[in-house]
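A.B. asks: Structure incoming, see below.
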Amino acid sequence: MAITSGGVDLDAFTELLTPRGLRALAEAGELVGAGPAVDPVTAATTLRKTYDAALTSTALTQAGLRQRARAKFGADADRMFFTPHGLEQATRAEVAEHRARRLLALLASEEGRVIDACCGIGGDMLALARAGCTVTAVDADPLTAAVARANAEAFGLGDRVTVRVGDAAEVRPEEHDVLFADPARRTGKGRTFDPMAYSPPWPVVLDLVARAGLACLKVAPGIPYEFIPDGALAEWVSYKGEVKEATLWTGAGVTAGRRATLLPGGHELAATGVTAPVGPPGRYLYEPDGAAVRAHLVGEVAELVGGRLLDPMIAYVTSDAAADTPWAARYEIEDVIPFNLKKLRAALRERQIGNVTIKKRGSAVDIERLRADLRLSGDNAMVIVLTRILDKPSVILCKPSSPA
């Protein structure tokens, strides 16, 4: 029986790596790159004039995955290989590079021996090898391991990378300088947010961590705090305003705590234990970056802007001062009203608002239904924020005051 992963066949993938297969892939890339000008049926028909059905399908699938992967890997995507699930879980290149730099800083060395216990298609493996590490990469799926191996070869990293098929639970982290693990967060029913349903499951991951001198775990940004190991440094990473992941660091050189990192700027914010005061709306509203929110650093952001919380349980900060910080988008408040559809509609009509950006925290209102119910008409734009202020449903009418 052929081994498949997300619709990709191992035998067909192996053929794709032959000179003939690579020619088919190059031709498929040109067809897929033509966009709407060439529909899938035409592309398949064109390739079938030269190649069999299996190779045609594999080449077109790979070309399509490469096109999607450019958002994560940039120009490197055109040289890489993927499976659908592998691409979905793969780390964005900029985040993987950041992590590799931090790992080498913890090692205080320009190289290190890393065991990548759940390598997937090898996004982190590539970043670690490029940074100077020697990587032994393991994946339980033979096709995924083959894809990772092909990616190492595509970038001339075969001398730094060894890829093998194996069970993550059986790796020996004590024989390497660093354990890196990115447990699969997808089951037969789709994506899972429960660490106990990771593959390998959380107890197995923690056993590996306990035997590692230095460990780096990539986990979902919504990981419950109770799953964070004692003594770990938990880091939430945001890329261009979108939280991408959390990383848990344990072992030698690691100081326990919480931290948020903004990329591509490289800004860092660490927990200091500050508690933000609570007070009434000021002239400005600050929306903290999601990484700071996940890391429970809203108090630290409030301190940066000289602000206070509108509600002790909601991550919106207000201040009378216009402070510039990469850690929050700033809006100038025009009005604050209790949430009431008729009153909100009237307020927007009075301002001739025809376009709104709707944000919410601490509100159960359905945004798209509200947008339809507002019956907007006018030439002006506004940001409306649905939230609670001292536990009262409220709407803040505002406009951007700094780049989001």
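Going by our numbering, the sequence shown opens with residue 866, and the numbers climb by one from there. By construction, the Cβ of each residue, glycine as well, lies at the ideal position given by its N, Cα and C atoms.
Beta-carbon within less than 7 angstroms of V1026's beta-carbon, same chain only, minus the 5 sequence neighbours each way: which residues are those?
C.D. replies: Taking the sequence shown and counting its residues from 1, the one referred to as residue 1026 is at position 161. Cβ neighbours of V1026 beyond the five flanking positions: M990, A994, V1000, A1002, A1017.
A.B. asks: Please report the Cβ distance between L1241 and L1213, rounded to the nearest whole angstrom; I am assuming they are in contact, meaning their Cβ atoms lie under 8 angstroms.
C.D. replies: Here the question's residue 1241 lines up with position 376 in the sequence shown. Here the question's residue 1213 lines up with position 348 in the sequence shown. That belief holds up - the Cβ atoms of L1241 and L1213 are roughly 7 angstroms apart, short of 8 angstroms.
A.B. asks: Is A958 helix, strand or coil when you go by DSSP?
C.D. replies: Here residue 958 is taken as the residue at index 93 of the sequence shown, counted from 1. Helix at A958.
A.B. asks: Are the beta-carbon atoms belonging to V1074 and T1140 less than 7 angstroms from one another?
C.D. replies: Locating residue 1074 in the sequence shown gives position 209, counting from the first residue. Locating residue 1140 in the sequence shown gives position 275, counting from the first residue. No, the pair does not count as a contact, with Cβ atoms beyond the cut-off.
A.B. asks: Can you grab the Cα-Cα spacing for the pair S1064 / A1010, in whole Å?
C.D. replies: Taking the sequence shown and counting its residues from 1, the one referred to as residue 1064 is at position 199. Taking the sequence shown and counting its residues from 1, the one referred to as residue 1010 is at position 145. Cα-Cα distance, rounded: 15 angstroms.
A.B. asks: Return the chain-ordered ranges of every alpha helix (DSSP H) run that is complete within the segment 1042-1120 and spans a minimum of 4 residues.
C.D. replies: As far as the segment 1042-1120 is concerned, its whole alpha helix (DSSP H) runs of at least 4 residues are 1067-1075.
A.B. asks: Kindly provide the ranges of any alpha helix (DSSP H) runs that are 4 or more residues long and lie completely inside the segment 880-915, ordered along the chain.
C.D. replies: Counting whole runs of 4 or more residues, the segment 880-915 contains the alpha helix (DSSP H) stretches 884-898, 905-913.
A.B. asks: Quick check: G1122 and A1111, are their CB atoms within less than 7 angstroms of each other?
C.D. replies: Taking the first residue of the sequence shown as position 1, residue 1122 is located at position 257. Taking the first residue of the sequence shown as position 1, residue 1111 is located at position 246. The answer is no: Cβ separation not under 7 angstroms.
A.B. asks: Please look up how many angstroms separate the CB atoms of A955 and A919, rounded, as I've assumed it's under 8 angstroms.
C.D. replies: Residue 955 sits at position 90 when you count from the first residue of the sequence shown. Residue 919 sits at position 54 when you count from the first residue of the sequence shown. No, A955 and A919 are not in contact; Cβ-Cβ is about 25 angstroms, not under 8 angstroms.
A.B. asks: Given that a residue counts as buried once 16 or more other Cβ atoms are within 10 Å of its Cβ, and exposed if not, what is T1126?
C.D. replies: For the purposes of this step, residue 1126 is taken as the residue at position 261 of the sequence shown. Result: buried.
A.B. asks: By DSSP, does D1256 sit in helix, in strand, or in coil?
C.D. replies: By 1-based counting over the sequence shown, the position of residue 1256 is 391. Coil at D1256, not helix or strand.
A.B. asks: At 4 residues or longer, what runs of the alpha helix (DSSP H) sit wholly inside the segment 971-1049?
C.D. replies: Listed in chain order, the complete alpha helix (DSSP H) runs (minimum 4 residues) inside the segment 971-1049 are 988-995, 1007-1019.
A.B. asks: Evaluate P1086 with the Cβ neighbour count: other Cβ atoms within 10 Å of its Cβ, from every protein chain shown; 16 or more gives buried, anything less gives exposed.
C.D. replies: One-based indexing of the sequence shown puts residue 1086 at position 221. P1086 comes out buried.
A.B. asks: What are the boundary residues of the alpha helix (DSSP H) that V1163 is part of?
C.D. replies: Residue mapping note: residue 1163 aligns to position 298 of the sequence shown, counting from 1. V1163 -> alpha helix (DSSP H) spans 1163-1169.
A.B. asks: For R1240, name the three-state secondary structure that DSSP assigns.
C.D. replies: Walking along the sequence shown from the start, residue 1240 turns up at place 375. DSSP places R1240 in coil when its eight states are reduced to three.
A.B. asks: Here's the rule: buried if 16 or more other CB atoms are within 10 angstroms of the residue's CB, otherwise exposed. What is A1097?
C.D. replies: Position 232 of the sequence shown, counted from the first residue, corresponds to residue 1097. Looking at its Cβ environment, which holds 16 or more other Cβ atoms inside 10 Å, A1097 is buried.
A.B. asks: Can you tell which of A928, A1077, L875, L882 has its C-alpha closest to the C-alpha of L896?
C.D. replies: Here residue 896 refers to the residue found at position 31 of the sequence shown. When only C-alpha atoms are compared, the closest one is A928.
A.B. asks: With the cut-off set at 7 angstroms, would you say V1201 and A1180 are in Cβ contact?
C.D. replies: Along the sequence shown, one-based indexing puts residue 1201 at 336. Along the sequence shown, one-based indexing puts residue 1180 at 315. No.
A.B. asks: Residue range of the beta strand (DSSP E) that L854 falls in?
C.D. replies: As displayed, the chain neither begins before 866 nor continues past 1269, which places residue 854 out of reach and without an answer.
A.B. asks: Would you list the residues sitting across from S1184 in a DSSP beta bridge?
C.D. replies: Within the sequence shown, the letter at position 319 stands for residue 1184. DSSP output for S1184 lists Y1149 as bridge partner(s).
A.B. asks: What residues in its chain sit with their C-beta under 6 angstroms from that of I980, if we drop five residues either side in the sequence?
C.D. replies: As a working note, residue 980 is residue 115 in the sequence shown. Around I980: T1001, V1036, P1038, H1041, L1044.
A.B. asks: Thinking C-beta only, is G1130 closer than 7 angstroms to P1191?
C.D. replies: As a working note, residue 1191 is residue 326 in the sequence shown. As a working note, residue 1130 is residue 265 in the sequence shown. It is a contact, given that the beta carbons lie within the stated cut-off.
A.B. asks: Out of L1082, R1226, E953, point me to the one whose CA is closest to R1056's CA.
C.D. replies: Locating residue 1056 in the sequence shown gives position 191, counting from the first residue. The option with the nearest alpha carbon to R1056 is E953.
A.B. asks: I believe P1007 touches V1030 by the beta-carbon criterion, under 8 angstroms. Please report the beta-carbon distance rounded to the nearest angstrom.
C.D. replies: Working through the sequence shown from its first residue, we reach residue 1007 at position 142. Working through the sequence shown from its first residue, we reach residue 1030 at position 165. About 5 angstroms separates the two Cβ atoms, so the contact holds.
A.B. asks: Assuming L882 contacts A1013 under a Cβ cut-off of 8 angstroms, what Cβ separation, rounded to an integer in Å, is found between them?
C.D. replies: Taking the first residue of the sequence shown as 1, we reach residue 882 at position 17. Taking the first residue of the sequence shown as 1, we reach residue 1013 at position 148. The Cβ separation is near 13 angstroms, so there is no contact.
A.B. asks: Have a look at the DSSP bridge pairing and note the partners of I1202.
C.D. replies: As a position in the sequence shown, residue 1202 is number 337, starting the count at 1. Per DSSP, V1260.
A.B. asks: D943: which of R933, G951, H950 sits nearest, CA to CA?
C.D. replies: Here residue 943 is taken as the residue at index 78 of the sequence shown, counted from 1. Ranking R933, G951, H950 by Cα distance to D943 puts R933 first.
A.B. asks: Alpha carbon to alpha carbon, how far is D874 from A867? Give it in angstroms, no decimals.
C.D. replies: As a working note, residue 867 is residue 2 in the sequence shown. As a working note, residue 874 is residue 9 in the sequence shown. Any reading at A867 must be qualified, since the residue scores a pLDDT of 47, below 50, and its modelled position is unreliable; the value itself is stated next. Taking the straight line joining both Cα atoms gives about 6 angstroms.
A.B. asks: Quick one: measure Cβ to Cβ for A924 and A973, integer angstroms, because I've assumed they're closer than 8 angstroms.
C.D. replies: As a working note, residue 924 is residue 59 in the sequence shown. As a working note, residue 973 is residue 108 in the sequence shown. With 8 angstroms as the limit, A924 and A973 do not qualify as a contact, their Cβ atoms being about 45 angstroms apart.
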